[in-house]
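The structure appears below as C-alpha cells.
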Amino acid sequence: MSTSSSIAPPIAMLAELTHRCPLSCPYCSNPLELQAKDSELGTDAWADVFGQAADLGVLQLHLSGGEPAARPDLVDLTRAAAQAGLYTNLITSAIGLTPRRLDALEAAGLDHIQLSLQGVTAAMADHIGGYRGGYDRKMSIAAEIKARGIPLTLNAVMHRQNLDDLPRTIDMAVELGARRLEIACVQFHGWATLNRGALLPTREQTDATKQIVAKAQTRLRGVLAIDFVPPDYYSDYPKACMGGWGSAGLNILPDGTVLPCHAAESLKHLSFDKVTDRPLREIWYDSAAFNAYRGVDWLPDPCQSCARRDVDFGGCRCQALAIAGDAGATDPVCRKAPGRDRVDALLQAALEAGDSADLVYRVSAPTGTRPA
Ligand code: SF4
Ligand code: SF4
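In terms of the numbering used here, the sequence shown has 282 at position 281, counting the first letter as 1, and numbering is strictly consecutive.
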C-alpha cells in the first residue's frame, strides 16, 4: 500500500460537466446509468473544484461530458478554470458551439479543443453519432476553429465500421489544421460492451491499421502528431490504464463524484467520495477508493513476479471485474492471465456476430429516449 508521502499529485483532471449530449454514439464512455441534469454541480461548485484541483497540483483540465457545450455556463466555467491557472482543453462534438461562442471561449482563456470525429462522410458520421446533420455542423465549426488558430486535436474513435476509412481520416486531420490526431480503437467499457459484435475490428483491419499508422507517423513527422490506441482484445499485454490506479489523473462526474478513471463507477464494492462532501486533496490522498489499487504491492501473481509489473500495473481494474469477475485480478487481456480464455471467447463471439450485429445506441440523459 502507498503512503500519502509516496503519492504524487495528479497531473490531469477530466471534468464531466454533464452527461447530456445530442449524439448517441454506441461506444460512449459515459456510464450506462447516466446522471440527470438536476444532479449536475452548479457554476460556483465547479469553479471551486477547479481551484482545489490547481492547489492540488493538477496542470491540465479536460472539460468534457456528455457534450460540455450543453452547459449554458461553459464560458464561465472555462474562465474560472483559466483563472485558477489550469490549462483548459474542451472535449466536444462541436454540437452546441457557434462562432460567437468560440470567440467567447477564446476570450475566457480556452487553450485547446479536442474535436471528436465519428466518420469522414456525413453518412457514416451521422449513422454512428445517431444525429442527422451532425457532420455538417461539426465541419463548419472545425473551419471556425482553424480560422482562429485554436490548437486542435482530432479524436477519431475507430472500429469495424469505419477503420477502412483510416487513410482519409488522417488526411482530414491535416486539412483541418489539427496538430494531433488520436486514432483510438474502441475500448470495450460502458456502452461499447453492448456493441462488441458491431464494433470489434477484424484481425485483418487491425494489422492493416498498424501499418497505415506507422507510415503516416513517419510521413507527417513535424506536421501532425499521431497517437494510436490499438484494439485491446488483439493485444498480448494490457495497457497501463490511467498510468496506474490513482497515479496521474482523476475524473469527476457531473454530480461531483470523484473517480480514478471514467469507468471506475462499475466497481460497486468501492465507495467513491463527492467533492461536495470532502476536499479534493483528501479524496486524492486518503480515500479508501483511491488507495484500493495504488502502487504494485496489492498485485496478484503472475503480475507480482512479472518484468512488466511496473510498466502496466496489471492493467485495467474495470476490465478485470467485467471479464474475469474480480477487480483485483490480472487484466484478462494479458496472455499470462488465467482469464485470457474469456477474452478470446468474447473476441470469437464478436467476430462471428460481425456485420449482422445491430448498433445499440447510447440513450439520452436522463429520460432514456434516443434522438430522432
Ligand atoms: S454520445 Fe458520443 S459525442 Fe456524446 S459524449 Fe458520448 S461519445 Fe461523446
Ligand atoms: S502478468 Fe501482469 S504485469 Fe505481467 S504483463 Fe500481464 S498484466 Fe502486466
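Just so it is clear, CB atoms sit at the ideal spot from N, CA and C, and this is done for glycine as well.
- The DSSP-derived three-state label of residue 181 is strand.
- Here residue 139 is buried. Its C-beta has 16 or more other C-beta atoms within 10 Å.
- Note that the C-beta distance between residue 63 and residue 16 is below 8 Å.
- The stretch 119-203 contains, as complete alpha helix (DSSP H) runs of 4+ residues, the segments 123-130, 135-149, 167-176, 197-200 (chain order).
- Here the alpha carbon of residue 60 sits roughly 21 Å from the alpha carbon of residue 241.
- Screening all residues for a C-beta within a distance smaller than 7 Å of any heavy atom in ligand 1 leaves 22, 24, 25, 26, 28, 29, 30, 31, 66, 67, 68, 94, 117, 130, 363, in chain order.
- Close CB contacts of residue 310 within its chain, under the 7 Å cut and outside five residues either way in sequence, are with 297, 300, 304 (chain order).
- Closer than 7 Å to some heavy atom of ligand 2: that describes the Cβ of residue 332.
- Taking a contact to require three or more Cβ pairs closer than 8 Å, the stretch 26-40 and the stretch 188-204 qualify as touching.
- Residue 99 and residue 142 have their C-alpha atoms some 7 Å from each other.
- Scanning the stretch 28-106 from its first residue to its last, the whole alpha helix (DSSP H) runs of 4-plus residues come out as 44-57, 75-84.
- Spanning the alpha carbons of residue 355 and residue 104 requires a straight line of approximately 44 Å.
- As DSSP reads the structure, residue 114 sits in a beta bridge with 91, 153.
- Residue 151 and residue 107 do touch by the CB rule: their CB atoms are close to 7 Å apart, below 8 Å.
- Taking the C-beta atoms as reference points, residue 8 is found no nearer than 8 Å to residue 249.
- The alpha-carbon of residue 306 is positioned some 45 Å away from that of residue 24.
- Counting the other CB atoms within 10 Å of its CB gives residue 365 a total of 16 or more, which places it among the buried residues.
- Here residue 351 carries a helix assignment [DSSP, helix/strand/coil].
- The beta-carbon distance between residue 201 and residue 161, rounded to whole angstroms, is 6 Å. This is short enough to meet the 8 Å contact definition.
- The DSSP-derived three-state label of residue 214 is helix.
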